[in-house]
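> Mind having a look at this structure? Questions to follow.
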Amino acid sequence: MSRVVLVTGATGDTGRAVCALLTARGDTVLAVGTDASRLETVDAAERLVCDVTDRAATDALAADVATRYDHLDGILHLVGGWKPGWGDEVTDWLNARLVTTLLNVSEAFEGMLLAAPAGRLAIVSSTVVTRDGPPSSAYAAAKLAAESWVDQLNARWAGTPTGAVTFVVKAIDAPTAADALVDVWDRAAGDRVVL
471 MSRVVLVTGA
481 TGDTGRAVCA
491 LLTARGDTVL
501 AVGTDASRLE
511 TVDAAERLVC
521 DVTDRAATDA
531 LAADVATRYD
541 HLDGILHLVG
551 GWKPGWGDEV
561 TDWLNARLVT
571 TLLNVSEAFE
581 GMLLAAPAGR
591 LAIVSSTVVT
601 RDGPPSSAYA
611 AAKLAAESWV
621 DQLNARWAGT
631 PTGAVTFVVK
641 AIDAPTAADA
651 LVDVWDRAAG
661 DRVVL
């Protein structure tokens, strides 16, 4: 079954691998990134330039996509980044990429995801996230916040066929992560899958 899938962070290693696998199996891939020249080399039906840290830009992107598609079967949210330590600058940088982008994309495209027969949103988290004590770094805190938002989405979508899934890695291995992400529809809402 062919699906329409939005891949944010499509120019990263995992994004590229995911887009290639989805395209190879016949899915319609909408690749999103901030650099048009880098997007040109991503396997996708459409390459969309957008800074998803910007809510207005993300809303405009969603409105544009909705003119061509009546639903999205999946959103594979792969915007990421890492910096060590705690300071305000590090925290702001990480939150913008790991949390704000997720909030913006999930809210802007929520209606399209809910219109799918079995919509799925997926994120990649980290084994540094624990729920038995305070986060050990700004990175862990941002990843915990992203996972908490996924929990909120699943609560909000309860009773619908739509759900969100978290894939957890110790260190990102693009081929392994991509293989798991493209099969997100085999996962139940709320699954937290350690790779």
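The sequence shown begins at 471 in the numbering used here and counts up one residue at a time.
No residue lacks a Cβ here, since even glycine has one placed at the ideal position from N, Cα and C.
So Thr561 and Ala610 are in contact, right, with Cβ under 8 Å, and what is the actual spacing, rounded?
Position 91 of the sequence shown, counting from 1, holds the residue named residue 561. Position 140 of the sequence shown, counting from 1, holds the residue named residue 610. About 11 Å separates the two Cβ atoms, so there is no contact after all.
> Could you work out which residue in Glu577, Ala532, Ala514 and Thr484 is closest to Ala650 when comparing CA atoms only?
To locate residue 650, count along the sequence shown from 1; it is residue 180. Of the listed residues, the one whose Cα sits closest to Ala650 is Thr484.
> Who are the near neighbours of Cys520 in its chain, counting only those whose CB is closer than 6 Å to its CB and skipping five residues on each side?
Taking the sequence shown and counting its residues from 1, one reaches residue 520 at position 50. Correct list, in chain order: Val502, Ala527 and Leu531.
> With DSSP as the reference, label Thr528 as helix, strand or coil.
Locating residue 528 in the sequence shown gives position 58, where the first residue counts as 1. Here Thr528 sits in helix by DSSP.
> Compare the Cα-Cα distances from Ala644 to each of Met471, Cys489 and Ser606 and report the closest residue.
If you number the sequence shown from 1, residue 644 lands on position 174. Taking only the C-alpha atoms, the option nearest Ala644 is Cys489.
> Which residue marks the beginning of the beta strand (DSSP E) containing Glu516, and which one marks its end?
Stepping through the sequence shown from its first residue, residue 516 is reached at position 46. Note, Glu516: beta strand (DSSP E), Glu516 to Val519.
> Count the other CB atoms, across all protein chains shown, that sit within 10 Å of the CB of Gly603; report buried if there are 16 or more and exposed otherwise.
By 1-based counting over the sequence shown, the position of residue 603 is 133. Looking at its Cβ environment, which holds fewer than 16 other Cβ atoms inside 10 Å, Gly603 is exposed.
> Excluding the 5 residues preceding and the 5 following Thr523 in the sequence, name in chain order all residues of the same chain whose CB lies nearer than 8 Å to its CB.
Start at 1 with the first residue of the sequence shown, and residue 523 comes out as number 53. These residues qualify, in order along the chain: Ala566, Arg567, Thr570, Thr571 and Asn574.
> By the 10 Å Cβ neighbour count, where 16 or more other Cβ atoms means buried, how is Glu580 classified, buried or exposed?
In the sequence shown, residue 580 corresponds to position 110, counting from 1. Classification of Glu580: buried, given that the 10 Å Cβ count is 16 or more.
> As a quick exercise: from Gly479, Arg473, Ala480 and Trp552, pick the residue whose alpha carbon is nearest that of Leu542.
Counting from 1 along the sequence shown, the entry for residue 542 is found at position 72. Considering only alpha carbons, the answer is Arg473.
> For Arg626, report the span of its beta strand (DSSP E) as first-last.
Here residue 626 is taken as the residue at index 156 of the sequence shown, counted from 1. Premise fails: Arg626 lies in the alpha helix (DSSP H), Ala608 to Arg626, not in any beta strand (DSSP E).
> Kindly indicate which residue of Ala533, Val512 and Gly544 has the alpha-carbon position closest to the one of Val475.
The sequence position of residue 475 within the sequence shown is 5, counting from 1. When only C-alpha atoms are compared, the closest one is Gly544.
> Thinking Val477 and Leu546 are a contact (beta carbons under 8 Å), I'd like their distance in whole angstroms, please.
Your numbering for residue 477 matches position 7 in the sequence shown. Your numbering for residue 546 matches position 76 in the sequence shown. Sure, about 5 Å apart at Cβ, within 8 Å.
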